[in-house]
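For the sequence shown, my numbering assigns the number 283 to the initial residue and increments by one for each residue that follows.
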Amino acid sequence: MLAHFRPTWMLESIYNLTPADVRAHNIRVILTDMDNTLIAWNNPNGTPQLREWLKTMSAAGIPVVVVSNNSSKRVARALTDLKLPFISRALKPLTRGINIAKKQYRVKSSEIVLVGDQLLTDVAAANNAHIKSILVKPLIETDAWNTQINRAMEKRLTKRLLKKGYLKRTWGHSLND
């Protein structure tokens, strides 16, 4: 049961993910959660660091696709300036959004990764879909009200995962850490 919430990798930030890391692990498409993974949930403008990271991935020919449980209206509004493709109402931890992306980009499960800041939604969805996952630290320490419930459950879950050795105690800076 606990292994269901075990990420493939743990990174300090999505910005630590490089084209070299992606290629070395045969990843062709990056799926990413939106709130507190790509952008702060309460600041949809993104950062200069995010824009630079997106340019780097684009120049390397690596698609970045947002897979969010939010409504289409909310995701479209948040991503207006970033002009990223997205799948809304993904229903994570179910596999709906991931399966749509796999079909759209014609990739095998081994060629796709989901990056997110939550064990209960992002990592569980990736494991349900049999794809790789990257757990990242949330960009900011506060959350929208609906995520706060998950965070409370995740605190208890994290303690159990650490005790079992399913989570590292430190955040990596590359997929090789």
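A virtual CB, placed ideally from N, CA and C, is assigned to each residue, including glycine.
Of the residues assessed, N327 falls on the exposed side of the cut-off, its CB having fewer than 16 other CB atoms within 10 angstroms.
In the structure shown, M292 adopts extended strand secondary structure according to DSSP, grouped into three states.
For L320, same chain residues with a beta-carbon under 6 Å away, outside a window of 5 residues either side, are T314 in chain order.
For A434, the secondary structure class from DSSP, reduced to helix, strand or coil, is helix. Rounded to whole angstroms, the separation of the alpha carbons of N351 and G379 is 9 Å. Scanning its chain for C-beta atoms nearer than 7 Å, with the 5 sequence neighbours on each side dropped, one finds around R451 the residues L444, in chain order. The beta carbon of L421 sits closer than 6 Å to the beta carbons of N318 and A322 from its chain, once the five residues preceding and following it are set aside; these are given in chain order. W453 and E334 have their alpha carbons spaced roughly 22 Å apart. Per DSSP, I394 is not a residue of any alpha helix (DSSP H); the beta strand (DSSP E) it occupies stretches across I394 to G398. Closest option to L457, judged by alpha-carbon separation, among Q400, S354 and A302: A302.
Burial of L396 is indicated by the presence of at least 16 other C-beta atoms within 10 angstroms of its C-beta.
In this structure, V418 and S295 form a Cβ contact; the two beta carbons are roughly 6 Å apart against a cut-off of 8 Å.
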